[in-house]
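Chemist:
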Amino acid sequence: MNFKIKRVFAVVMRHLLLMKNPFELTSHLYWVLMDVVIFGFLVQSMNRQGDNSLNVATICILTNLAVCYVFARGAVSLASTLLKDLSDLSFVGLMATPITTAEWIASQIIVAAVSSGISFLMGFVCIGIFFRFNVFSSGLVLIPAIISLLISSWTLGIFMLSLVIIFGKKSSSSIHTVPWLFLPFSGVFYSVSILPTYCQKIASWLPMFHIFDGLTQYIKNGQSITFALLKSMGLNLIYFTVAITLFMIMFKRRKNIGLTRLELES
Amino acid sequence: MQIHPLEVKNLTKTFHSEKFLIQNKKSVFTAVNDISFILKKGEFLGFLGPNGAGKTTTIQMLLNLLTPTSGSIQFFGKDPLKDRSVMQDISYASGYMKLPSSLTVRQALLMYGMLYNMNMSILKDKIDLFLNLFNLKHLSQRKVTTLSAGQTTAVLLARAFLVDPKIVLLDEPTAALDPESACRIRDFIKTENKKNGVSILFTSHNMPEVAELCDRILVLKDGKIVADNTPEYLASTVSITHVQLIIGDGMKRTIAYALENKLEHKVDDRHIEIKIDEHKISELLSGLAAKNVSYTQISIEKPTLEDYFLTLVKNR
Numbered sequence: 009m010n011f012k013i014k015r016v017f018a019v020v021m022r023h024l025l026l027m028k029n030p031f032e033l034t035s036h037l038y039w040v041l042m043d044v045v046i047f048g049f050l051v052q053s054m055n056r057q058g059d060n061s062l063n064v065a066t067i068c069i070l071t072n073l074a075v076c077y078v079f080a081r082g083a084v085s086l087a088s089t090l091l092k093d094l095s096d097l098s099f100v101g102l103m104a105t106p107i108t109t110a111e112w113i114a115s116q117i118i119v120a121a122v123s124s125g126i127s128f129l130m131g132f133v134c135i136g137i138f139f140r141f142n143v144f145s146s147g148l149v150l151i152p153a154i155i156s157l158l159i160s161s162w163t164l165g166i167f168m169l170s171l172v173i174i175f176g177k178k179s180s181s182s183i184h185t186v187p188w189l190f191l192p193f194s195g196v197f198y199s200v201s202i203l204p205t206y207c208q209k210i211a212s213w214l215p216m217f218h219i220f221d222g223l224t225q226y227i228k229n230g231q232s233i234t235f236a237l238l239k240s241m242g243l244n245l246i247y248f249t250v251a252i253t254l255f256m257i258m259f260k261r262r263k264n265i266g267l268t269r270l271e272l273e274s
Numbered sequence: 263m264q265i266h267p268l269e270v271k272n273l274t275k276t277f278h279s280e281k282f283l284i285q286n287k288k289s290v291f292t293a294v295n296d297i298s299f300i301l302k303k304g305e306f307l308g309f310l311g312p313n314g315a316g317k318t319t320t321i322q323m324l325l326n327l328l329t330p331t332s333g334s335i336q337f338f339g340k341d342p343l344k345d346r347s348v349m350q351d352i353s354y355a356s357g358y359m360k361l362p363s364s365l366t367v368r369q370a371l372l373m374y375g376m377l378y379n380m381n382m383s384i385l386k387d388k389i390d391l392f393l394n395l396f397n398l399k400h401l402s403q404r405k406v407t408t409l410s411a412g413q414t415t416a417v418l419l420a421r422a423f424l425v426d427p428k429i430v431l432l433d434e435p436t437a438a439l440d441p442e443s444a445c446r447i448r449d450f451i452k453t454e455n456k457k458n459g460v461s462i463l464f465t466s467h468n469m470p471e472v473a474e475l476c477d478r479i480l481v482l483k484d485g486k487i488v489a490d491n492t493p494e495y496l497a498s499t500v501s502i503t504h505v506q507l508i509i510g511d512g513m514k515r516t517i518a519y520a521l522e523n524k525l526e527h528k529v530d531d532r533h534i535e536i537k538i539d540e541h542k543i544s545e546l547l548s549g550l551a552a553k554n555v556s557y558t559q560i561s562i563e564k565p566t567l568e569d570y571f572l573t574l575v576k577n578r
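Chains V and Z, in that order, are what the protein sequence lines are. Under the working numbering, think of the first position of the first sequence as 9, with each following residue one higher. Under the working numbering, think of the first position of the second sequence as 263, with each following residue one higher.
1) Identify every residue that forms a DSSP beta bridge with residue 165/V.
2) Out of 493/Z, 275/Z, 538/Z and 468/Z, state which residue places its alpha-carbon closest to the alpha-carbon of residue 334/Z.
3) For residue 350/Z, go through chain V and note every residue whose CB falls closer than 8 Å to its CB, in chain order.
4) Would you mind reading off the limits of the alpha helix (DSSP H) that contains residue 36/V?
5) Just verifying my parser: in three-state terms, what is the DSSP assignment at residue 248/V?
6) Going along chain Z, which residues have a C-beta under 9 Å from residue 17/V?
7) Name the residues in the region 324-339 of chain Z whose C-beta lies less than 9 Å from a C-beta of chain V; which are they?
8) How is residue 446/Z classed by DSSP in three states: helix, strand or coil?
9) Counting only runs of 4+ residues fully inside the region 82-164 of chain V, write out the alpha helix (DSSP H) ranges in chain order.
10) Among 236/V, 219/V, 266/V and 128/V, which has the Cα closest to the Cα of residue 37/V?
11) What span of residues does the beta strand (DSSP E) with residue 492/Z cover, start to end?
12) When you compare only the Cα positions, how much space is there between residue 125/V and residue 175/V?
13) Which residue comes first and which comes last in the beta strand (DSSP E) that contains residue 562/Z?
14) When you compare the CB of residue 265/V with every CB in chain Z, is at least one pair closer than 8 Å?
15) Among 310/Z, 452/Z, 409/Z and 272/Z, whose alpha-carbon lies nearest the alpha-carbon of residue 295/Z?
16) When you compare the region 421-428 of chain Z with the region 365-385 of chain Z, are there three or more beta-carbon pairs, one atom per stretch, that lie closer than 8 Å?
17) May I ask you to verify whether the region 504-517 of chain Z touches the region 322-330 of chain Z, counting CB pairs closer than 8 Å and requiring at least 3?
18) As an exercise, report each continuous alpha helix (DSSP H) stretch of at least 4 residues that is fully enclosed by the region 283-347 of chain Z, in chain order.
19) Determine whether the Cβ of residue 229/V lies closer than 8 Å to any Cβ atom of chain Z.
20) Contact check, residue 164/V vs residue 194/V under 8 Å by CB: the rounded distance?
21) How close, in whole Å, do the beta carbons of residue 566/Z and residue 469/Z come, if the pair is a contact with beta carbons under 8 Å?
22) Give a yes or no on whether 8 Å exceeds the smallest Cβ distance from residue 373/Z to chain V.
23) Give the single residue among 436/Z, 365/Z and 429/Z whose Cα lies nearest to the Cα of residue 402/Z.
24) To test your reading of the DSSP string, which unbroken alpha helix (DSSP H) runs of 4 or more residues are found completely within the region 183-233 of chain V?
25) When you compare the CB positions of residue 431/Z and residue 482/Z, do they come within less than 8 Å of one another, or not?
26) Only counting the same chain, and skipping five residues up and downstream in sequence, which positions put a Cβ closer than 8 Å to that of residue 556/Z?
27) Give the DSSP-derived three-state secondary structure of residue 510/Z in the structure shown.
28) Looking at chain Z, is there any beta carbon in it that lies within less than 8 Å of the beta carbon of residue 100/V?
29) When the cut-off is 8 Å and only beta carbons count, does residue 14/V lie next to chain Z?
30) What span of residues does the beta strand (DSSP E) with residue 483/Z cover, start to end?
31) Would residue 570/Z be called buried (16 or more neighbouring beta carbons within 10 Å of its own) or exposed?
32) Should residue 144/V be labelled buried (16 or more other beta-carbon atoms within 10 Å of its own) or exposed?
33) Per DSSP, residue 272/V forms a beta bridge with which residues?
34) Can you name the residues that DSSP bridges to residue 274/Z?
35) Is residue 525/Z close to chain V, meaning its C-beta is less than 8 Å from at least one C-beta of that chain?
36) May I have the straight-line CA-CA distance separating residue 211/V from residue 200/V, to the nearest angstrom?
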């Protein structure tokens with residue numbers, strides 16, 4: 009198989025060097041900080057106990073918020089890397105090298121994972137500073153949850169890559185909003201049981217819902233998260249396969265028109 | 263059967279109008295129409311044609327950036343659509359390409375070498391060598407976005423030859439260079455071609471450059487190959503000559519004669535250059551004599567590749 013790790017790292021290196029930009033890092037920090045402060049303190053004030061200790065609802069929200077950015081940031085980052093290459097007019101130059109589509113996608117996934125990791129770290133630090141709470145106090149259960157959310161983020165990211173392949177640079181404003189479409193159904197901030205029945209049905213098809221709901225149940229009632237994890241992983245596997253297949257079809261169609269045109273289209 | 267570095271057979275590309283990648287089969291435009299050619303080992307092959315002739319479309323298909331409608335492309339007997347590893351021996355540079363922003367010159371070269379899976383220690387040594395060779399050493403830590411167009415072209419060319427390619431596709435590589443840099447780059451490309459046997463497919467609108475570098479030229483017009491020969495032969499197929507005269511007396515009468523006979527001409531002080539069919543030179547000279555024009559010097563230049571190209575464009 010013609011898969012070379014060095015080629016993958018060449019592309020990863022290029023995007024990691026882009027991330028060194030202070031504005032890029034600030035954008036990672038800003039939204040995490042805002043969400044942690046606003047939603048964390050909102051829920052704490054609504055469920056205030058006599059002392060200043062954190063109530064269970066706040067712990068659930070903070071834990072969910074910390075891992076929620078693994079999903080959202082990773083998905084946006086995966087599609088943004090292609091948009092950056094298109095804006096730079098360097099995508100055609102990259103595709104004219106021996107790099108294969110599989111190597112290129114692998115590099116996008118690694119960059120997205122790094123981006124997710126930075127956002128999680130930011131969330132972890134912010135929650136530690138503002139609420140004196142360690143999100144890992146729930147235990148190592150967070151690790152498989154994060155892995156499942158990472159896979160969900162790659163799936164959505166690859167789906168968004170297809171959108172960029174179809175619509176080109178015009179899609180740049182919308183790809184930043186797509187992950188947030190799924191959050192109302194994912195149970196990050198509230199229990200999905202308060203939603204109308206049809207919304208609950210939609211939620212049950214989302215791998216993220218099973219993770220956030222599973223984490224909430226685990227923190228509140230000590231209920232095992234294994235079944236939720238399995239459901240989430242199963243759905244991830246199906247959606248990841250669909251996303252990759254869709255991308256390959258769209259990439260092939262785009263090559264019929266020309267990658268150069270994709271780069272030059274405004 | 264002999265295996266060539268590049269063999270193109272019956273290559274055709276038809277474009278349809280499309281919306282959201284769904285093509286409308288009714289609306290068709292054929293950019294490349296059933297072309298076949300071979301690039302031999304160590305050959306310097308020119309690819310000429312007016313704008314819209316299909317040169318860039320062909321290069322995009324060779325690089326697998328665009329899928330052909332029909333026909334085949336084989337590098338060293340292998341189809342790059344089926345075996346991507348063959349791209350390891352092919353590199354590309356264009357005067358209109360950009361380098362990835364945020365990288366320094368050295369990082370851009372390092373990234374490119376890694377994309378060709380080069381050994382890291384060899385790659386680092388070669389980067390130093392090429393930075394010196396292309397006079398880029400002092401720019402090695404500069405961001406590529408701060409380079410001038412000429413410096414960017416030099417980095418792109420250094421990048422193309424850094425990876426020990428067997429075939430290099432060069433699309434107007436000297437378009438953004440000043441004459442001195444263009445000359446240095448041409449010498450480098452010639453050396454790589456002759457000394458290391460690199461096969462080169464070269465497009466340029468700079469005809470003297472094409473005539474100087476290329477062993478053979480393919481001429482594309484409306485998506486078809488209309489000529490395949492040496493630069494000298496192609497130039498000889500045109501009967502246009504350049505008659506150079508230093509006029510002693512009668513410059514105004516000479517210009518009037520040229521205008522009357524609709525002859526293309528250029529005047530510089532006492533010097534006039536008249537473009538004329540070689541069969542009509544005697545007619546020109548007797549016409550000037552009839553107008554009492556005296557000249558102190560006359561020279562007749564053979565037709566050039568540029569004349570061939572201009573004739574081709576005029577006959578569209």
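Cβ coordinates follow ideal geometry from the N, Cα and C atoms, glycine included. If you're wondering where the values come from, they're calculated on a predicted model, not measured in any experiment.
Modeler: The short version:
1) Working through the first sequence from its first residue, we reach residue 165/V at position 157. Here residue 165/V is not bridged, per DSSP, to any residue.
2) Here the question's residue 334/Z lines up with position 72 in the second sequence. Among 493/Z, 275/Z, 538/Z and 468/Z, the Cα nearest to that of residue 334/Z belongs to 275/Z.
3) Within the second sequence, residue 350/Z is the residue found at index 88, counting from 1. Within 8 Å Cβ-Cβ: 106.
4) The count along the first sequence starts at 1 and reaches residue 36/V at position 28. If you look at residue 36/V, you'll find it in the alpha helix (DSSP H) that goes 30-54.
5) The count along the first sequence starts at 1 and reaches residue 248/V at position 240. Residue 248/V falls in the helix class under three-state DSSP.
6) Along the first sequence, read from residue 1 onward, the residue named residue 17/V stands at position 9. Under the 9 Å cutoff, chain Z gives 376.
7) Correct list: 325, 326, 327, 328, 329 and 331.
8) Within the second sequence, the letter at position 184 stands for residue 446/Z. It is helical.
9) The region 82-164 of chain V contains, as complete alpha helix (DSSP H) runs of 4+ residues, the segments 99-103 and 109-139 (chain order).
10) The count along the first sequence starts at 1 and reaches residue 37/V at position 29. Ranking 236/V, 219/V, 266/V and 128/V by CA distance to the CA of residue 37/V puts 128/V first.
11) Reading the second sequence from its first residue, position 230 is the one you call residue 492/Z. Going by DSSP, residue 492/Z is part of no beta strand (DSSP E) at all; its letter is neither H nor E.
12) Numbered from 1 along the first sequence, position 117 holds the residue referred to as residue 125/V. Numbered from 1 along the first sequence, position 167 holds the residue referred to as residue 175/V. Distance between the alpha carbons of residue 125/V and residue 175/V is about 29 Å.
13) Translated into positions along the second sequence, residue 562/Z becomes position 300. Boundaries of the beta strand (DSSP E) harbouring residue 562/Z: 556-563, taken from the DSSP string.
14) Within the first sequence, residue 265/V is the residue found at index 257, counting from 1. With a threshold of 8 Å between beta carbons, residue 265/V makes contact with chain Z.
15) By one-based count along the second sequence, residue 295/Z stands at place 33. Sorting 310/Z, 452/Z, 409/Z and 272/Z by C-alpha distance to the C-alpha of residue 295/Z places 272/Z at the top.
16) They touch, by the three-pair rule.
17) The region 504-517 of chain Z vs the region 322-330 of chain Z: no contact.
18) Counting only runs of 4 or more, we get 317-324.
19) As a position in the first sequence, residue 229/V is number 221, starting the count at 1. No - not a single Cβ of chain Z is within 8 Å of the one on residue 229/V.
20) Working through the first sequence from its first residue, we reach residue 164/V at position 156. Working through the first sequence from its first residue, we reach residue 194/V at position 186. That belief does not hold up - the Cβ atoms of residue 164/V and residue 194/V are roughly 12 Å apart, past 8 Å.
21) Stepping through the second sequence from its first residue, residue 566/Z is reached at position 304. Stepping through the second sequence from its first residue, residue 469/Z is reached at position 207. That belief holds up - the Cβ atoms of residue 566/Z and residue 469/Z are roughly 7 Å apart, short of 8 Å.
22) Here residue 373/Z refers to the residue found at position 111 of the second sequence. Interface residue, yes.
23) Your numbering for residue 402/Z matches position 140 in the second sequence. It is 365/Z whose Cα lies nearest to the Cα of residue 402/Z.
24) Counting whole runs of 4 or more residues, the region 183-233 of chain V contains the alpha helix (DSSP H) stretches 186-190, 205-212 and 215-229.
25) Within the second sequence, residue 431/Z is the residue found at index 169, counting from 1. Within the second sequence, residue 482/Z is the residue found at index 220, counting from 1. No. Outside cutoff.
26) Position 294 of the second sequence, counted from the start, is the residue given in the question as residue 556/Z. Closer than 8 Å at the Cβ level, and outside the excluded window around residue 556/Z, lie 509, 510, 511 and 512.
27) Along the second sequence, read from residue 1 onward, the residue named residue 510/Z stands at position 248. In the structure shown, residue 510/Z sits in a strand (DSSP, three-state: E or B).
28) Translated into the one-based positions of the first sequence, residue 100/V becomes position 92. Under the 8 Å criterion on CB atoms, residue 100/V is classed as interfacial with respect to chain Z.
29) If you number the first sequence from 1, residue 14/V lands on position 6. Chain Z contact via Cβ: present.
30) One-based indexing of the second sequence puts residue 483/Z at position 221. Where residue 483/Z is concerned, the enclosing beta strand (DSSP E) stretches over 478-483.
31) The sequence position of residue 570/Z within the second sequence is 308, counting from 1. Result: buried.
32) In the first sequence, the residue the question calls residue 144/V occupies position 136. Within a 10 Å sphere around the beta-carbon of residue 144/V sit fewer than 16 other beta-carbons, which makes this residue exposed.
33) Position 264 of the first sequence, counted from the first residue, corresponds to residue 272/V. Looking at the DSSP assignment, residue 272/V forms no beta bridge with any residue, so it has no partner.
34) Within the second sequence, the letter at position 12 stands for residue 274/Z. Beta-bridge annotation (DSSP): residue 274/Z is paired with 332/Z.
35) For this step, residue 525/Z is matched to residue 263 along the second sequence. With its beta carbon at least 8 Å from every one in chain V, residue 525/Z lies outside the interface.
36) On the first sequence, residue 211/V is found 203 positions in, with the first residue counted as 1. On the first sequence, residue 200/V is found 192 positions in, with the first residue counted as 1. Roughly 8 Å between the two C-alpha positions.
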